[in-house]
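Notes follow the structure.
Numbering (the numbering used here), first residue to last: 1 to 473.
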């Protein structure tokens, strides 16, 4: 394994943490939040030194790392980078333990939104900004991983290769540079646009900035325990719900629309998702929550499908499982949302239908195209989709069993397990708004940390790495 080549790319990610440290230092000094400014200075120094050190170590070595190395890099980035992100929590004036600091940072970088901090109103603004920016970083890293590695034709872990994203060469270093710059540019300007939309409906600038970081990454961190303290009007709720379409639809959708490169053929998945959202809104409007406003219903649907989970007004508790199941579906395979992904459901349903129909008319030739595109679903795609479902169920019952050993009821343990594996924050939408992560025991917190990471990168990615190392070396 090319360890020094992996270190080079980890160094780039570490330098990215140092950039956000500078932003927090400037914010703390400008607005006179000097009590914790040293924690961001220390984070800046450590991340900068590690970043340059890792880049220097790996500079002279082969940077076109293999598929095995790429998977190891993705996994390590979701384990090591949270250590850097946890420093401001640990060194803050709030006496947060290292386990709680690491829990908070993993929850941020996986865009989950679980928090051991019970009273967000007591936190200073720079730390609130640090929490939301950790989600923004995590969403960026995840997109680079999906587009550059785990969704490629060489690995096919995620079915992103079936969607038209443009063709790239096989040199990982060149691809990484191209993907990083392009994804960062789209990601950054999408965030700016979301902030602009929030400013139009009079959401306070700091709240708009934090919300934009949260929304664009499909995260769950907010600046208040109750979102209704930030978003009060129906127009604000509606804009919030609409911006949650960013992590549901294909990452390149709005970019293609803006640059006039949009074609219906290249965005069939988004058309399907739009139809599903429309039907779900009608279903909720007439059958589930007829007493809620249209804005709140749209927010509940988009928040669940995007695996964000944030909500303003609670729905009927008896329908909480319905919204939890929506988080399992997730959004586009090329987006910051988690979940199993809609494309995989489509693949399994299409293959299952064809297998059943083949029993009736065995001599028929079946169409294996994905949607109406030229991309064809092969046996590997269907097997991986089925395997992901099996692994999700195994992970679900494994984590539920561990959580049930704590003070949680089996129902809450089951719900929390689904939300952990889909990286969705606990909220009143799912009947878990009163859950205290601070009061959970150490084993439960460690288990949640592990499964938050598994939920983001998927256990099949880890199995792929193990198979490459021990069976195909």
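From the three backbone atoms N, C-alpha and C, an ideal C-beta is built for every residue, glycine too. Fair warning: this is a prediction, and the values are worked out from it, not measured in the lab.
{"Check": "Residues sharing a beta bridge with residue 376, DSSP", "Outcome": "369"}
{"Check": "Ranges of the beta strand (DSSP E) found wholly within the region 393 to 442, counting only runs of at least 3", "Outcome": "none"}
{"Check": "Sequence ranges, alpha helix (DSSP H) only - wholly within the region 286 to 353, length at least 4", "Outcome": "294 to 305 and 320 to 329"}
{"Check": "Integer-rounded CB distance, given that residue 99 should sit under 8 angstroms from residue 445", "Outcome": "6 angstroms"}
{"Check": "Alpha carbon of residue 229 to alpha carbon of residue 205, nearest angstrom", "Outcome": "14 angstroms"}
{"Check": "Length of the line joining the Cα atoms of residue 414 and residue 393", "Outcome": "11 angstroms"}
{"Check": "Residue 333 versus residue 250 - alpha carbon distance", "Outcome": "7 angstroms"}
{"Check": "Sub-8 angstroms separation of residue 308 and residue 247 beta-carbons", "Outcome": "yes"}
{"Check": "Cβ contact check for the region 263 to 272 and the region 195 to 211: 3 or more pairs under 8 angstroms", "Outcome": "no"}
{"Check": "Cα-Cα separation, residue 233 to residue 201", "Outcome": "9 angstroms"}
{"Check": "Span separating the alpha-carbon of residue 410 from that of residue 261", "Outcome": "49 angstroms"}
{"Check": "Whether residue 302 touches residue 245 by CB criterion (8 angstroms)", "Outcome": "yes"}
{"Check": "Other residues of its chain near residue 355: CB distance less than 8 angstroms, five sequence neighbours each side excluded", "Outcome": "none"}
{"Check": "Run of the alpha helix (DSSP H) containing residue 458, from where it starts to where it stops", "Outcome": "Segment: none, residue 458 is in no alpha helix (DSSP H) and carries neither H nor E."}
{"Check": "Any beta strand (DSSP E) of 3 or more consecutive residues that is wholly inside the region 92 to 150", "Outcome": "none"}
{"Check": "8 angstroms Cβ cutoff met for residue 336 and residue 463", "Outcome": "no"}
{"Check": "Endpoints, alpha helix (DSSP H) assigned at residue 234", "Outcome": "234 to 243"}
{"Check": "Reference residue 78, options 252, 139, 469 and 147, closest by Cα", "Outcome": "139"}
{"Check": "Distance, residue 231 Cα to residue 130 Cα", "Outcome": "21 angstroms"}
{"Check": "Proximity below 8 angstroms, CB of residue 429 to CB of residue 323", "Outcome": "yes"}
{"Check": "Neighbourhood of residue 382 by C-beta, 8 angstroms cutoff - its chain only, sequence neighbours within 5 removed", "Outcome": "347, 348 and 351"}
{"Check": "Alpha-carbon spacing of residue 26 relative to residue 17, whole angstroms", "Outcome": "15 angstroms"}
{"Check": "Contact under 8 angstroms by Cβ, residue 113 with residue 221", "Outcome": "yes"}
{"Check": "8 angstroms contact criterion, which residue 282 and residue 241 should meet: CB distance rounded", "Outcome": "In fact, because the Cβ distance is near 15 angstroms, the residues do not count as touching under 8 angstroms."}
{"Check": "Pair within 8 angstroms by beta-carbon distance, residue 148 and residue 176", "Outcome": "yes"}
{"Check": "Cα-Cα separation, residue 344 to residue 193", "Outcome": "30 angstroms"}
{"Check": "Cβ-based neighbour list, residue 63, same chain, cut-off 6 angstroms, excluding 5 preceding and 5 following", "Outcome": "5, 8 and 173"}
{"Check": "Residues of its chain near residue 456, where Cβ-Cβ distance is below 7 angstroms and the 5 sequence neighbours each way are ignored", "Outcome": "78, 110, 142, 338 and 423"}
{"Check": "Residue from 132, 104, 74 and 370 whose Cα sits closest to the Cα of residue 86", "Outcome": "104"}
{"Check": "Where residue 401 falls, given that 16 or more other Cβ within 10 Å makes a residue buried", "Outcome": "exposed"}
{"Check": "Contact check, residue 185 vs residue 20, beta carbons under 8 angstroms", "Outcome": "no"}
{"Check": "Element boundaries [alpha helix (DSSP H), containing residue 160]", "Outcome": "Note, residue 160: premise wrong, no alpha helix (DSSP H); not H, not E."}
{"Check": "Same chain only: Cβ atoms within 7 angstroms of residue 72, ignoring 5 sequence neighbours per side", "Outcome": "1, 6 and 465"}
{"Check": "Pairwise C-alpha distance: residue 398 and residue 450", "Outcome": "12 angstroms"}
{"Check": "6 angstroms CB neighbourhood of residue 276 in its chain, flanking five on each side removed", "Outcome": "none"}
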